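Chemist: Residue numbers (this note's numbering): 921 to 1001.
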């Protein structure tokens, strides 16, 4: 992000607004935009079959009922998580 004003303090929605929706989801990102953030930051991971998904962690452990690395799963498998 290039700031033209060196005194500016931009507000960045990290993983969206996870206080109101699950992190790294479209609802969380839209909530962050709705409250007026200056930018969004989110994390992109790649499934075993090359599909891009939003997930902060490299594993599914913290945010789902599944365990293990996201990269070891095909996108179709994640549909059931």
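Note that CB positions come from ideal geometry on N, CA and C, so glycine has one too.
The structure displayed is predicted, hence computed values, not measured ones.
Would the stretch 948-960 and the stretch 977-986 be scored as touching if the rule is three or more Cβ pairs under 8 Å?
Modeler: Output reads no: the stretch 977-986 does not touch the stretch 948-960.
Chemist: Can you have a look at residue 948 and say buried or exposed, based on whether 16 or more other CB atoms are within 10 angstroms of its CB?
Modeler: Its Cβ being crowded by 16 or more others within 10 Å, residue 948 is buried.
Chemist: For a quick check, are the C-beta atoms of residue 937 and residue 975 less than 7 Å apart?
Modeler: No, Cβ-Cβ distance for residue 937 and residue 975 is not below 7 Å.
Chemist: Which value, in whole angstroms, describes the spacing of the CA atoms of residue 925 and residue 934?
Modeler: Cα-Cα distance, rounded: 22 Å.
Chemist: Can you have a look at residue 929 and say buried or exposed, based on whether 16 or more other CB atoms are within 10 angstroms of its CB?
Modeler: So residue 929 ends up on the exposed side.
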